[in-house]
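2 protein chains.
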Amino acid sequence: MHVIAVDAMGGDNAPQAIVEGVNQALAEFKDIEIQLYGDEAKIKNYLTANERVSIVHTDEKINSDDEPVKAIRKKKKASMVLGAQAVKEKAADAVISAGNTGALLAAGLFVVGRIKGVERPGLMSTMPSFTGQPFDMLDLGANAENTANHLHQYAILGSFYAKNVRGIATPRVGLLNNGTEKTKGDSLRKEAFELLSKEASINFIGNVEAREIMSGAADVVVADGFTGNAVLKAIEGTGLGTMKTLKSAIMNGGLKAKLGAFLLKDRLKGMKETMDYSSAGGAVLFGLKAPVVKCHGSSDAKAVYYTIKQVRKMLDTKVVEQLVDAFDPKEEVN
Amino acid sequence: MHVIAVDAMGGDNAPQAIVEGVNQALAEFKDIEIQLYGDEAKIKNYLTANERVSIVHTDEKINSDDEPVKAIRKKKKASMVLGAQAVKEKAADAVISAGNTGALLAAGLFVVGRIKGVERPGLMSTMPSFTGQPFDMLDLGANAENTANHLHQYAILGSFYAKNVRGIATPRVGLLNNGTEKTKGDSLRKEAFELLSKEASINFIGNVEAREIMSGAADVVVADGFTGNAVLKAIEGTGLGTMKTLKSAIMNGGLKAKLGAFLLKDRLKGMKETMDYSSAGGAVLFGLKAPVVKCHGSSDAKAVYYTIKQVRKMLDTKVVEQLVDAFDPKEEVN
Numbered sequence: 001m002h003v004i005a006v007d008a009m010g011g012d013n014a015p016q017a018i019v020e021g022v023n024q025a026l027a028e029f030k031d032i033e034i035q036l037y038g039d040e041a042k043i044k045n046y047l048t049a050n051e052r053v054s055i056v057h058t059d060e061k062i063n064s065d066d067e068p069v070k071a072i073r074k075k076k077k078a079s080m081v082l083g084a085q086a087v088k089e090k091a092a093d094a095v096i097s098a099g100n101t102g103a104l105l106a107a108g109l110f111v112v113g114r115i116k117g118v119e120r121p122g123l124m125s126t127m128p129s130f131t132g133q134p135f136d137m138l139d140l141g142a143n144a145e146n147t148a149n150h151l152h153q154y155a156i157l158g159s160f161y162a163k164n165v166r167g168i169a170t171p172r173v174g175l176l177n178n179g180t181e182k183t184k185g186d187s188l189r190k191e192a193f194e195l196l197s198k199e200a201s202i203n204f205i206g207n208v209e210a211r212e213i214m215s216g217a218a219d220v221v222v223a224d225g226f227t228g229n230a231v232l233k234a235i236e237g238t239g240l241g242t243m244k245t246l247k248s249a250i251m252n253g254g255l256k257a258k259l260g261a262f263l264l265k266d267r268l269k270g271m272k273e274t275m276d277y278s279s280a281g282g283a284v285l286f287g288l289k290a291p292v293v294k295c296h297g298s299s300d301a302k303a304v305y306y307t308i309k310q311v312r313k314m315l316d317t318k319v320v321e322q323l324v325d326a327f328d329p330k331e332e333v334n
Numbered sequence: 335m336h337v338i339a340v341d342a343m344g345g346d347n348a349p350q351a352i353v354e355g356v357n358q359a360l361a362e363f364k365d366i367e368i369q370l371y372g373d374e375a376k377i378k379n380y381l382t383a384n385e386r387v388s389i390v391h392t393d394e395k396i397n398s399d400d401e402p403v404k405a406i407r408k409k410k411k412a413s414m415v416l417g418a419q420a421v422k423e424k425a426a427d428a429v430i431s432a433g434n435t436g437a438l439l440a441a442g443l444f445v446v447g448r449i450k451g452v453e454r455p456g457l458m459s460t461m462p463s464f465t466g467q468p469f470d471m472l473d474l475g476a477n478a479e480n481t482a483n484h485l486h487q488y489a490i491l492g493s494f495y496a497k498n499v500r501g502i503a504t505p506r507v508g509l510l511n512n513g514t515e516k517t518k519g520d521s522l523r524k525e526a527f528e529l530l531s532k533e534a535s536i537n538f539i540g541n542v543e544a545r546e547i548m549s550g551a552a553d554v555v556v557a558d559g560f561t562g563n564a565v566l567k568a569i570e571g572t573g574l575g576t577m578k579t580l581k582s583a584i585m586n587g588g589l590k591a592k593l594g595a596f597l598l599k600d601r602l603k604g605m606k607e608t609m610d611y612s613s614a615g616g617a618v619l620f621g622l623k624a625p626v627v628k629c630h631g632s633s634d635a636k637a638v639y640y641t642i643k644q645v646r647k648m649l650d651t652k653v654v655e656q657l658v659d660a661f662d663p664k665e666e667v668n
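Taken in sequence, the protein lines are chains H and F. Just so we're aligned: 255 in my numbering is position 255 of the first sequence, and the numbers increase by one with no gaps anywhere. Quick note: to get my numbering, add 334 to the position in the second sequence (first position is 1).
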């Protein structure tokens with residue numbers, strides 16, 4: 001039985017979307033048990049599952065504008081913090097929240113804790129591509145600054161994830177750089193390139209450019225947290241902006257445009273589904289002693305369900321335990 | 335009279351697109367004179383203008399896969415190098431090429447030369463936004479590594495450009511960062527934020543995120559070359575990929591989808607025009623003693639025409655001379 005702690009109070013649609021996602025997941029997966037942290041009365045309004053589920057009541061919660069580190073230190077009874085605490089005390093195997101990202105990162109680092117040997121856990125998401133074949137990218141912004149050694153570790157972390165959770169036998173690992181030639185980049189990239197080239201446990205395919213990552217250039221894309229965050233946001237901003245512009249072009253285009261859009265509806269929907277990656281689950285703060293996963297703040301019940309499914313897969317495949325072994329200093333060849 | 339040196343042999347559609355663009359520009363602007371560098375016989379195939387134009391024949395040219403610095407050192411008679419040389423010798427006021435970007439940057443730095451006081455010229459483009467109001471961004475990758483002082487200079491450079499060439503009275507200058515709060519970012523960003531906050535000659539509006547830059551967050555976006563390059567490529571990859579996916583959804587969607595697309599044609603075209611920024615001209619290696627401007631490698635005659643128009647505006651407004659004054663150490667307050 002996998003025990004998953006869920007922060008019922010985090011995100012724009014909490015607790016309804018969270019609890020409904022939990023209902024769905026409990027109905028489908030018989031090998032999971034859910035602990036819901038939050039306002040008991042409010043949770044009960046939506047909870048239909050009655051097996052393998054418990055509520056841990058608390059009035060306290062972390063708000064989206066709370067200062068992350070301060071919040072997890074001061075609000076010891078917040079739903080998110082109690083969930084992380086349960087993982088620390090081995091009462092739960094993993095924790096999920098759709099709340100304040102920074103606070104969840106802080107709870108992950110300071111409450112759940114790093115795997116021994118992992119210097120700086122990275123935030124990793126499975127991102128969509130135009131080819132229909134998603135890719136994992138990290139660090140997406142857990143760190144503002146990274147060293148080449150961190151990037152080296154991200155390559156190993158991402159490769160483990162793609163292999164275990166996404167079932168890719170030999171994930172192609174690429175280093176995000178400003179050109180594909182091996183001599184490209186700043187000193188950080190040059191140093192990281194050397195380290196990745198020598199790393200026998202991964203399939204390093206060299207540098208990849210931000211223009212190509214959404215067209216299947218690699219299965220795992222390694223970036224420092226600053227650049228990874230900027231690229232993620234550039235992709236989001238461009239994608240959302242394009243869709244919004246298309247929509248307003250249709251809405252302001254009169255009857256002809258509306259009829260055209262109606263005829264194209266199925267195709268646009270199919271396109272949207274290709275680009276929708278909520279089925280891949282949430283963003284993992286990877287390199288911690290247990291899965292700590294962030295659902296998007298605007299998650300609906302489906303997205304919560306998929307994140308639970310993702311966490312279950314992480315627990316099933318024991319990807320974290322494998323990482324603990326891989327990073328154990330005793331195992332190091334050097 | 336503004337004398338503009340044009341590399342007739344650079345880019346995918348050279349020399350035809352280049353020469354046709356020159357024909358258009360010469361017909362419209364009576365105050366410019368063009369020097370075309372390249373294969374005289376081939377140029378003459380397309381040249382219809384016969385006033386204020388001259389051809390400087392050379393057999394040599396820089397290829398797209400030539401190693402930039404080596405190429406400009408070894409191929410002294412290459413069309414691009416001769417154009418830059420003409421600027422150095424004051425025989426021309428500016429140089430334009432659609433050829434090898436790295437080689438043009440090298441020719442700019444080593445042949446034309448930096449403005450005294452500008453440490454690292456930056457590559458700057460006027461980029462489209464969903465609001466229809468474009469923005470200037472630099473450095474887009476002339477440098478793999480930058481210091482806070484370089485970013486400080488980019489803010490001044492970009493502001494001068496937006497003011498003079500784009501006619502924005504008080505350009506809003508934003509620092510590309512991983513959050514909008516002033517405490518965000520790595521040490522480079524924090525240091526740059528301090529410098530920009532104290533810079534009286536610009537209208538610094540604080541940090542901007544990559545998600546918002548295409549929605550009108552700032553008129554000038556300041557980035558280090560590595561991040562700027564990655565964000566530019568992420569925007570390009572997402573934009574092109576979305577359009578390609580939309581196209582193939584329509585093409586494979588049968589008669590219904592094709593009819594829908596037909597009805598939407600005008601609207602999609604309008605949208606494409608909003609996002610098309612070739613009318614803003616090429617990418618300027620800004621901070622040099624004269625305008626050195628890169629047209630996109632795939633430029634058609636229209637894009638070449640617009641780049642000549644842009645360079646003419648730069649010469650008309652004397653933006654480079656103003657920069658020379660602004661960066662003159664004698665003028666510094668400190």
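Every residue gets a Cβ at the ideal spot worked out from N, C-alpha and C, and that includes glycine.
Taking C-beta pairs closer than 7 angstroms, name the residues in chain F that residue i reaches, listed in chain order.
| i | result |
| --- | --- |
| lysine 233 of chain H | Glu543, Ala544 and Arg545 |
| leucine 259 of chain H | Leu597 |
Could you tell me which residues DSSP puts in a beta bridge with residue i?
| i | result |
| --- | --- |
| leucine 370 of chain F | F:Val340 and F:Ile389 |
| glycine 682 of chain F | Chain F is shown from 335 up to 668; residue 682 of chain F falls before or after that span and cannot be answered. |
| valine 222 of chain H | H:Leu138 and H:Leu175 |
| arginine 267 of chain H | Arginine 267 of chain H pairs with nothing; no bridge assigned. |
| methionine 461 of chain F | F:Phe469 |
So the beta strand (DSSP E) residue i belongs to, where does it begin and stop?
| i | result |
| --- | --- |
| lysine 628 of chain F | 626-628 |
| arginine 172 of chain H | 172-176 |
| isoleucine 430 of chain F | 428-431 |
| asparagine 207 of chain H | 203-208 |
Taking residue i as the query, report the chain F residues whose CB atoms sit under 9 angstroms from its CB, ordered along the chain.
| i | result |
| --- | --- |
| methionine 214 of chain H | Ala568, Gly571, Thr572 and Gly575 |
| alanine 200 of chain H | Correct list: empty, because the minimum Cβ distance to chain F is about 28 angstroms. |
| valine 103 of chain H | According to the sequence displayed, residue 103 of chain H carries alanine and not valine. Residues of chain F passing the Cβ test: none, with the nearest at roughly 14 angstroms. |
| threonine 227 of chain H | Phe560, Thr561, Ala564 and Val565 |
Run through chain H and tell me which residues come within less than 9 angstroms of residue i, C-beta to C-beta.
| i | result |
| --- | --- |
| alanine 617 of chain F | Result: empty, since nearest Cβ-Cβ is about 15 angstroms, beyond 9 angstroms. |
| asparagine 397 of chain F | Residues of chain H passing the Cβ test: none, with the nearest at roughly 15 angstroms. |
Find the residues of chain H that neighbour residue i, judging by a C-beta separation of less than 8 angstroms, and give them in chain order.
| i | result |
| --- | --- |
| serine 521 of chain F | Glu145 |
| glycine 587 of chain F | Leu264, Asp266 and Arg267 |
| glycine 475 of chain F | Asn178 |
For residue i, which residues from the same chain have a beta carbon less than 6 angstroms from its beta carbon, with the 5 sequence-adjacent residues on both sides left out?
| i | result |
| --- | --- |
| alanine 426 of chain F | Val337, Ala339, Gln369 and Ala420 |
| alanine 591 of chain F | Ile584 |
| alanine 412 of chain F | Glu394, Lys395 and Ile396 |
| aspartate 337 of chain H | Given a span of 1 to 334 for chain H in the structure shown, any question on residue 337 of chain H remains unanswerable. |
| valine 565 of chain F | Ala544 |
| valine 429 of chain F | Ala339, Gly417, Ala418, Val421 and Val626 |
Give the range of the alpha helix (DSSP H) segment to which residue i is assigned.
| i | result |
| --- | --- |
| valine 324 of chain H | 319-327 |
| valine 87 of chain H | 79-88 |
| isoleucine 490 of chain F | 482-498 |
| methionine 585 of chain F | 559-585 |
| glutamate 191 of chain H | 187-198 |
| glutamine 358 of chain F | 350-362 |
| valine 304 of chain H | 301-316 |
Between which residues of its own chain and residue i is the CB-CB distance below 7 angstroms, once the five residues before and five after are set aside?
| i | result |
| --- | --- |
| alanine 103 of chain H | Ile62, Asp66, Pro68, Ala71, Ile72 and Met80 |
| alanine 217 of chain H | Gly174 and Val208 |
| alanine 301 of chain H | Ala17, Glu20, Gly21 and Gln24 |
| threonine 435 of chain F | Lys628 |
| leucine 522 of chain F | Ala482 and Asp558 |
| proline 505 of chain F | Ser493, Ala496, Lys497, Asn537, Asp553 and Val554 |
| aspartate 119 of chain H | Reading off the sequence, residue 119 of chain H comes out as glutamate, not aspartate. Here the set comprises Asn149, His150 and Gln153. |
Excluding five sequence neighbours on each side, which residues of the same chain lie with their C-beta closer than 8 angstroms to the C-beta of residue i?
| i | result |
| --- | --- |
| proline 468 of chain F | Thr460, Met461, Pro462, Arg500, Tyr611 and Ala614 |
| glycine 179 of chain H | Gly185, Asn207 and Glu209 |
| isoleucine 502 of chain F | Ala496 and Asp553 |
Since residue i contacts residue j with CB under 8 angstroms, what's their CB separation in whole angstroms?
| i | j | result |
| --- | --- | --- |
| isoleucine 366 of chain F | proline 349 of chain F | At roughly 19 angstroms, the Cβ-Cβ gap does not stay under 8 angstroms, so isoleucine 366 of chain F and proline 349 of chain F are not in contact. |
| leucine 138 of chain H | glycine 122 of chain H | 4 angstroms |
| alanine 148 of chain H | leucine 195 of chain H | 6 angstroms |
| leucine 151 of chain H | alanine 192 of chain H | 4 angstroms |
| glycine 237 of chain H | glutamate 546 of chain F | 6 angstroms |
| isoleucine 115 of chain H | leucine 268 of chain H | So it is not a contact: roughly 43 angstroms between Cβ atoms. |
Just to make sure I have the definition right: I need the residues of chain H whose C-beta is within less than 7 angstroms of the C-beta of residue i. Which are they?
| i | result |
| --- | --- |
| methionine 297 of chain F | Residue 297 of chain F lies beyond the residue range present for chain F, which begins at 335 and ends at 668; the question has no answer from this structure. |
For residue i, which residues in chain F fall below 8 angstroms Cβ to Cβ?
| i | result |
| --- | --- |
| lysine 336 of chain H | Any question about residue 336 of chain H goes unanswered here, given that chain H covers just 1 to 334. |
| phenylalanine 160 of chain H | Under the 8 angstroms cutoff, chain F gives no residues; its nearest Cβ is about 25 angstroms from phenylalanine 160 of chain H. |
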